[in-house]
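Notes for the one structure printed next.
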Amino acid sequence: MNIPGWGTPERSSGLLLHVTSLPGGRLGREAHRFVDWLADAGQSWWQLLPLAPPDRYRSPYKARSAFAAWPALLAAPRARVTTADKLEFREREAFWIEDWIRFSGRGGALEDQVRFDREWRELRRYARERGVRLMGDIAIYVAPRSADHRAHPELFQTGAVAGAPPDAFSEVGQLWGNPLYDWSALRREGYRWWVERLRRTLRLFDVARLDHFRGFVAYWAVPEGDRDARRGRWRRGPGRALFDAFGQAVGPDLPLVAEDLGVITPPVERLRDELGLPGMLVLQFGFDPAQPDSPHRFENHRENRVVYTGTHDHDTARGWYESLSSETRGWVDAALNEHGIVEPGAPWWGLIRLTLACRARLAIVQAQDVLGLGSQARMNDPGRTGGNWRWQMQPGALTPGLAARLRDATESTGRLSP
């Protein structure tokens, strides 16, 4: 049985790599080469981060637009754009493009989006021909003073900003600072802003990861001006109503992945399961003997899930393994041995093989893990303000030998792309 709306085999796998992490950090030749490598490695998916213009720290999760693409990703930033091209794009993307042109305040904003659309369509066509599908990422929030925040102030709250409550990892919680949605105002307009955002995403991707899924059930609202998130409180999100609006717009089987990491409550699990959305698992979270019931433990994995060696917010498999205490490392080694996985001198490949062997229908591996890179190649450390989002792969790093090794691991676990 396939994941509803995905149109893919029951078991498949892929790599997580953002466009900025390609050699040169752009589309074009290197993106096509990466698709070729994925196909040679028997992979069915390329997962990316949001393509939107990032903030000054290069975070795509605090983007200047929820709809526009970042022109810096273009391989041919001066390619010719005809009047007919502009008219067609302007009509198709009428909901947001005028807001972006005004926000940009410079000539060429429309042409940049047309160029990106053209390059992206070609990449998606090429990937589909090679048996590779593209998975995108929808950040739940927009950046303060972004194009969307300015164009639709009536859809956002005042007096509170987004964050996360204190937990075992942070005594003061997380203060994100993004504007919060006024869900009552969004409901009155039939959730159109969100529906149009989903439509835009699905014009670019086959499937999308929905960031901070639990925020659609309840979200942490922090008083504006607070220095940390301790005084925040939970407020109700839109729940099922938003997804019913999605279903009316794009069909009942939503091609979405619910990012349900962190402290997840029964109401969040119920909504995810009612919608039939696959949740997420992270192998790195599954080796604590004090948490035998953790959903991230290998033996507790479920079929309707997407399992990761680690996400963009986690350390690489090698960096994580090398940072473990000798006791925890022993638990990991024991788990690998239990499943007949022996990778002397390359325990990160053991973790890749264990991820591919799990029960979840889709397995995603970070490109850094295939390359055997340590913590210096980590994409993002949420506890650090600078130095994130900058890792870039060296030209030719993904060799035919690595493709063959991953293909072998993929075939032996029943995930090989046909």
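Going from the sequence shown to this note's numbering is simple: count from 1 and add 2. Cβ atoms here follow ideal geometry from the backbone N, Cα and C, with glycine treated the same way.
On the three-state DSSP scale, how would you describe residue i?
{"i": "T401", "result": "coil"}
{"i": "Y323", "result": "helix"}
{"i": "R235", "result": "strand"}
{"i": "W393", "result": "coil"}
{"i": "L18", "result": "strand"}
{"i": "W185", "result": "helix"}
{"i": "Y421", "result": "One cannot answer for residue 421 here, as it falls past the ends of the chain, which runs 3 to 420."}
{"i": "V284", "result": "strand"}
{"i": "R274", "result": "helix"}
{"i": "Q176", "result": "strand"}
{"i": "V265", "result": "coil"}
{"i": "P225", "result": "strand"}
{"i": "V309", "result": "strand"}
{"i": "V252", "result": "helix"}
{"i": "M3", "result": "Confidence at M3 is low in this model, with a pLDDT of 36, below 50, so the placement of that residue should be treated as unreliable; the coordinate-derived value is given next. Three-state DSSP puts M3 in coil, outside helix and strand."}
For residue i and residue j, I'd like the C-alpha separation in whole angstroms.
{"i": "L358", "j": "L364", "result": "8 Å"}
{"i": "V134", "j": "R80", "result": "28 Å"}
{"i": "M3", "j": "G416", "result": "Residue placement at M3 is flagged as unreliable, the pLDDT there being 36, under the threshold of 50; the coordinate-derived value follows with that caveat. Cα to Cα, M3 sits roughly 14 Å from G416."}
{"i": "L76", "j": "E198", "result": "24 Å"}
{"i": "W102", "j": "I343", "result": "51 Å"}
{"i": "F69", "j": "I99", "result": "8 Å"}
{"i": "R238", "j": "P225", "result": "16 Å"}
{"i": "L157", "j": "A149", "result": "13 Å"}
{"i": "R355", "j": "R307", "result": "17 Å"}
{"i": "E95", "j": "D114", "result": "13 Å"}
{"i": "Y183", "j": "L200", "result": "16 Å"}
{"i": "E413", "j": "K64", "result": "38 Å"}
{"i": "P297", "j": "G288", "result": "8 Å"}
{"i": "L256", "j": "L277", "result": "8 Å"}
{"i": "A2", "j": "A405", "result": "There is simply no residue 2 to check, as the chain begins at 3 and stops at 420 in what is shown."}
{"i": "G217", "j": "V259", "result": "14 Å"}
Are residue i and residue j close, meaning C-beta to C-beta below 8 Å?
{"i": "P56", "j": "W391", "result": "yes"}
{"i": "V284", "j": "A231", "result": "no"}
{"i": "P73", "j": "F118", "result": "yes"}
{"i": "R274", "j": "F207", "result": "no"}
{"i": "Q394", "j": "L18", "result": "no"}
{"i": "R189", "j": "P155", "result": "no"}
{"i": "G192", "j": "A153", "result": "no"}
Given that a residue counts as buried once 16 or more other Cβ atoms are within 10 Å of its Cβ, and exposed if not, what is residue i?
{"i": "F171", "result": "exposed"}
{"i": "W236", "result": "exposed"}
{"i": "G234", "result": "buried"}
{"i": "G109", "result": "exposed"}
{"i": "V265", "result": "exposed"}
{"i": "Q293", "result": "exposed"}
{"i": "D290", "result": "exposed"}
Out of the options, point me to the one whose CA is closest to residue i's CA.
{"i": "A446", "options": "S325, A337, L326, A319", "result": "Outside the displayed range of the chain (3 to 420) lies residue 446, so it cannot be described from this structure."}
{"i": "H20", "options": "P62, P402, R189", "result": "P62"}
{"i": "R82", "options": "A71, K64, L112, R92", "result": "L112"}
{"i": "A141", "options": "W351, A41, G253, L50", "result": "L50"}
{"i": "D42", "options": "P402, S414, E413, A411", "result": "P402"}
{"i": "L400", "options": "V37, G30, E340", "result": "V37"}
{"i": "G312", "options": "A379, H341, T85", "result": "A379"}
{"i": "G179", "options": "W196, R205, H151, R202", "result": "H151"}
Does any residue of chain B bring its CB to less than 8 Å from the CB of residue i?
{"i": "R123", "result": "Reference to chain B is not applicable here, since this structure consists of a single protein chain."}
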